[in-house]
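First the structure, in the form of structure tokens, and then the observations on it.
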Amino acid sequence: MKLSLAARALFWAAVAVISFVTLFPFYWSVRTAFAFPRGVYSHPTEFLPPEPTLGNFERVLGLVDSATSVRLGGSGQTIHFFVFLRNSILVSALITIGQTFFSAAAAYAFARLRFPLSRQIFGFYLSALMVPGIVLLIPNFILIKSLGWLNTYQGIAAPAFLMSPFAVFFMRQFFLGLSRELEEAARVEGAGRVRIFFQIAVPLSMTAITTLAIITFIYSWNDYLWPLLVGKSEGVRMLTVALGVFRQQGAQNLPDWAGLMAGTTLAILPTLVLFLALGRRVINSIGFTGFR
Amino acid sequence: MAQLVIRERSKNTSLVRTGLHVREAGLALVFILPSLAGFLVFFVAPAIRGLYISFTDWNLLTQPKAVGLANYVALLSDPDFWNALKVTVFYVLWNIPLQTVLAVMVALVMNTAANSTLLKGVILLPWLMPNVVVALLWVWLLDPTVGLINVAVKALGGPLLPFLSSPGTALPTIAGINIWRYLGYTALLVFAGLQAIPTDVYEAARIDGANDRQSFWRITLPLLRPVLAFVVVTSVLGSFQIFDTVAVTTKGGPINATKVFNYMIYQQAFERFQMGYAAAVSMVLFLILVGVGLLQMKLLRAGEVET
Numbered sequence: 098m099k100l101s102l103a104a105r106a107l108f109w110a111a112v113a114v115i116s117f118v119t120l121f122p123f124y125w126s127v128r129t130a131f132a133f134p135r136g137v138y139s140h141p142t143e144f145l146p147p148e149p150t151l152g153n154f155e156r157v158l159g160l161v162d163s164a165t166s167v168r169l170g171g172s173g174q175t176i177h178f179f180v181f182l183r184n185s186i187l188v189s190a191l192i193t194i195g196q197t198f199f200s201a202a203a204a205y206a207f208a209r210l211r212f213p214l215s216r217q218i219f220g221f222y223l224s225a226l227m228v229p230g231i232v233l234l235i236p237n238f239i240l241i242k243s244l245g246w247l248n249t250y251q252g253i254a255a256p257a258f259l260m261s262p263f264a265v266f267f268m269r270q271f272f273l274g275l276s277r278e279l280e281e282a283a284r285v286e287g288a289g290r291v292r293i294f295f296q297i298a299v300p301l302s303m304t305a306i307t308t309l310a311i312i313t314f315i316y317s318w319n320d321y322l323w324p325l326l327v328g329k330s331e332g333v334r335m336l337t338v339a340l341g342v343f344r345q346q347g348a349q350n351l352p353d354w355a356g357l358m359a360g361t362t363l364a365i366l367p368t369l370v371l372f373l374a375l376g377r378r379v380i381n382s383i384g385f386t387g388f389r
Numbered sequence: 015m016a017q018l019v020i021r022e023r024s025k026n027t028s029l030v031r032t033g034l035h036v037r038e039a040g041l042a043l044v045f046i047l048p049s050l051a052g053f054l055v056f057f058v059a060p061a062i063r064g065l066y067i068s069f070t071d072w073n074l075l076t077q078p079k080a081v082g083l084a085n086y087v088a089l090l091s092d093p094d095f096w097n098a099l100k101v102t103v104f105y106v107l108w109n110i111p112l113q114t115v116l117a118v119m120v121a122l123v124m125n126t127a128a129n130s131t132l133l134k135g136v137i138l139l140p141w142l143m144p145n146v147v148v149a150l151l152w153v154w155l156l157d158p159t160v161g162l163i164n165v166a167v168k169a170l171g172g173p174l175l176p177f178l179s180s181p182g183t184a185l186p187t188i189a190g191i192n193i194w195r196y197l198g199y200t201a202l203l204v205f206a207g208l209q210a211i212p213t214d215v216y217e218a219a220r221i222d223g224a225n226d227r228q229s230f231w232r233i234t235l236p237l238l239r240p241v242l243a244f245v246v247v248t249s250v251l252g253s254f255q256i257f258d259t260v261a262v263t264t265k266g267g268p269i270n271a272t273k274v275f276n277y278m279i280y281q282q283a284f285e286r287f288q289m290g291y292a293a294a295v296s297m298v299l300f301l302i303l304v305g306v307g308l309l310q311m312k313l314l315r316a317g318e319v320e321t
């Protein structure tokens with residue numbers, strides 16, 4: 098479309114405003130994370146971190162003892178974001194591997210194999226997308242509790258490990274769009290279905306599988322309510338839950354904004370790295386399916 | 015005789031076929047079994063169990079006691095329930111219309127000025143972050159004493175803006191935070207819809223003398239309808255289920271002003287341990303969502319023929 102200079106300037110101004118509004122809160126969080134806690138209060142509007150320091154990260158990662166933590170401007174209580182970071186990575190990786198693999202396998206069967214009730218079962222899966230999460234939350238909590246899995250990794254990962262209706266739907270769409278020719282040719286040459294799945298369908302679908310894996314990882318990483326209920330203890334606590342707990346502490350003193358923002362920055366970082374490396378796929382697939 | 019042979023043969027091939035089908039079905043079972051197990055255990059069973067729990071009185075410590083419809087009767091006269099319904103509906107009304115209009119505007123800007131992957135990545139960023147992180151970023155920016163926004167407003171001589179700490183402003187503030195999180199994602203969906211509109215439609219309209227405004231209202235919006243319908247229905251259903259942002263920012267307060275359905279259910283179940291009552295409220299929420307979903311689809315499809 099041809100635009101006048103004025104119109105073009107207007108549109109680029111809009112792009113600038115949109116980008117600024119989106120990015121500034123992130124910048125402000127990182128800026129605060131690198132500021133000395135005292136400076137956060139004395140210089141609330143300074144653009145660059147007042148009295149820049151790495152101390153907040155050292156404090157929240159539990160790398161320093163309590164006396165050093167006080168010297169760095171903290172409350173002296175030890176915080177173990179390192180453990181929470183590990184837990185988040187572990188649980189999210191576990192869910193991503195399980196859910197992506199088992200959902201892809203099921204999706205392949207729905208797309209390619211003929212078996213009784215195929216459409217009904219798939220439709221049944223899809224109908225679960227309509228059920229609000231909170232309806233399933235209470236009974237699932239009770240189930241995990243009665244299994245003795247509260248405060249375990251498997252307890253947090255279990256409900257999402259074997260499938261999600263969305264993942265099956267997403268992969269089925271992709272397999273349906275895949276040309277059958279290669280698979281037919283392999284069949285003529287006597288290859289079994291399992292081999293065809295692993296050696297032809299999966300390699301041909303690597304783009305879709307990676308996209309799904311990224312989305313699944315980010316969703317597990319971001320989840321809050323479920324890990325809050327079944328993973329309260331420090332040993333398995335995930336980053337999002339830890340941030341919520343951290344926020345509620347220190348009500349008697351001034352809030353430790355610098356420490357909190359250091360923790361927040363740590364929670365942002367992995368997603369950011371993943372997104373910078375592989376984000377193009379996620380972006381391009383959004384118009385394609387409309388995620389959740 | 016010949017007929018007999020043919021019949022024999024067809025019987026044979028059909029036998030072979032059934033054999034193949036049985037094998038294929040067996041194989042399919044292997045492929046879908048893990049997902050089916052996960053589905054039955056963590057989706058179907060809890061849905062049924064949740065319904066059962068909603069007919070009981072249960073505090074997790076003793077055995078559940080069947081009470082019939084008592085929980086459902088009780089919630090009808092529970093001011094907390096009606097408050098949750100009111101707060102949730104108001105939240106959706108603060109959230110969705112503004113978010114959708116802004117998303118269309120952002121998508122139009124992208125469609126006209128900058129179809130760049132970088133810009134898409136930037137505006138998608140908030141959506142990729144945990145709700146908890148997004149909530150904390152804004153709790154910090156909106157803090158009454160040292161938060162940047164209030165300090166800046168004060169420096170310019172403005173009044174203290176209470177944002178999350180006053181019953182009147184807390185709910186719209188939370189809606190605003192979530193608009194910030196979902197705007198880019200929603201805009202990308204709309205943008206994909208815009209890209210699917212063929213350009214020669216606009217060309218034809220221009221030749222016929224339509225100006226930009228006319229072609230937006232007469233061409234863009236009607237052709238965008240299916241995408242917009244999808245976006246609005248899914249975001250309304252999601253908006254009804256808001257929890258994380260409330261849990262991190264206000265915990266339902268001040269004075270219950272932000273106690274949405276999910277937060278109320280959470281408190282009933284995991285702070286007061288009234289599992290039966292919480293399950294009943296969750297079932298009612300489910301029914302409301304089904305109703306809202308069906309109603310929206312009907313409304314958004316109405317008039318489709320005329321356009």
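Chains as they are written, first to last, in our numbering: chain D, 98 to 389; chain V, 15 to 321. We put the CB at the ideal spot given by N, CA and C, even for glycine. No experiment lies behind these values; they were computed from the predicted model shown.
Taking 7 angstroms as the upper bound on Cβ-Cβ separation, chain V lies near residues Trp354, Leu357, Met358, Thr361, Ala364, Ile365, Thr368 of the stretch 353-369 of chain D. For Phe205 of chain V, the enclosing alpha helix (DSSP H) begins and ends at 181-209. Taking 8 angstroms as the cut-off, the Cβ atoms of Leu41 of chain V and Leu366 of chain D do not count as close.
Minimum Cα-Cα distance from Val370 of chain D among the listed residues V:Leu139, V:Ala84, V:Asn85, V:Asn73 corresponds to V:Leu139.
Less than 8 angstroms divides the Cβ of Ala305 of chain D from the Cβ of Met268 of chain D. In the three-state scheme derived from DSSP, where H, G and I count as helix and E and B as strand, Lys265 of chain V is classed as coil. Only residues of its own chain outside the window of five on either side were considered, and among them Asn270, Lys273, Met278 have a CB closer than 8 angstroms to the CB of Asp94 of chain V, listed in chain order. Where Phe56 of chain V is concerned, there is no enclosing alpha helix (DSSP H), because DSSP gives it neither an H nor an E. Counting along the chain, Gly341 of chain D sits inside the alpha helix (DSSP H) bounded by residues 336-345. By the criterion of a C-beta distance shorter than 7 angstroms, Ser126 of chain D is surrounded in its chain by Met358, Thr361, Thr362, once the five residues flanking it on both sides are discounted. Contact residues of the stretch 186-201 of chain V toward chain D are Trp194, Leu197, Gly198, Tyr199, Ala201 (C-beta to C-beta distance below 9 angstroms). Using a Cβ distance threshold of 8 angstroms, Leu178 of chain V and Leu156 of chain V count as a contacting pair. Judged by DSSP secondary structure, Ala219 of chain V falls within the alpha helix (DSSP H) whose first and last residues are 213-221.
Around the beta carbon of Thr142 of chain D, fewer than 16 other beta carbons sit within 10 angstroms, so the residue counts as exposed. Looking at D:Ala339, D:Gly230, D:Ile383, the one whose alpha-carbon comes closest to that of Ile256 of chain V is D:Gly230. Cα atoms of Trp154 of chain V and Val161 of chain D: separation of roughly 25 angstroms, rounded to the nearest angstrom. Under DSSP, Asp71 of chain V forms a beta bridge with V:Lys79.
With 16 or more other CB atoms across the displayed protein chains lying within 10 angstroms of its CB, Thr234 of chain V is buried. Chain D has no Cβ within less than 8 angstroms of the Cβ of Trp231 of chain V. Look at Glu38 of chain V here: in three-state DSSP terms it is helix. Only exposed fits Glu285 of chain V, as fewer than 16 other CB atoms lie within 10 angstroms of its CB. If you compare the alpha carbons of V:Gly135, V:Asp222, V:Lys312 with that of Arg377 of chain D, the shortest gap goes to V:Gly135.
With a threshold of 16 other beta carbon atoms within 10 Å, Arg334 of chain D meets it and is buried.
With fewer than 16 other Cβ atoms from the protein chains shown falling within 10 Å of its own Cβ, Glu217 of chain V counts as exposed.
Cβ proximity to chain V below 8 angstroms picks out Arg211, Phe212, Pro213, Ser215, Ile218, Phe221, Tyr222, Ala225, Met227, Val228, Pro229, Gly230, Ile231 from the stretch 211-231 of chain D. For the stretch 113-132 of chain V, the set of residues with a beta-carbon nearer than 7 angstroms to any beta-carbon of chain D comprises Val120, Val123, Thr126, Ala127, Ala128, Thr131, in chain order. Boundaries for Phe212 of chain D: no alpha helix (DSSP H) harbours it, and the DSSP string shows neither H nor E there.
Put simply, the stretch 87-105 of chain V does not touch the stretch 264-283 of chain D. Fewer than three CB pairs are less than 8 angstroms apart. Rounded to the nearest angstrom, the gap between the Cα atoms of Val44 of chain V and Val36 of chain V is 13 angstroms.
For the pair Phe275 of chain V and Phe294 of chain D, the Cα-to-Cα distance works out to about 44 angstroms. Short of 6 angstroms from the beta carbon of Leu299 of chain V, and not among the five residues preceding or following it, lie these beta carbons of its own chain, in chain order: Phe275. If you draw a straight line from the Cα of Val147 of chain V to the Cα of Ala364 of chain D, it is about 7 angstroms long. Per the coordinates, the alpha-carbon of Leu301 of chain D lies some 30 angstroms from the alpha-carbon of Leu208 of chain V.
Contact with chain V is found for Arg377 of chain D, since one of that chain's Cβ atoms lies less than 8 angstroms from the residue's Cβ. Judged by DSSP in its simplified three-state form, Tyr124 of chain D adopts helix.
According to the DSSP assignment, Ile302 of chain V belongs to the alpha helix (DSSP H) that extends over 289-315.
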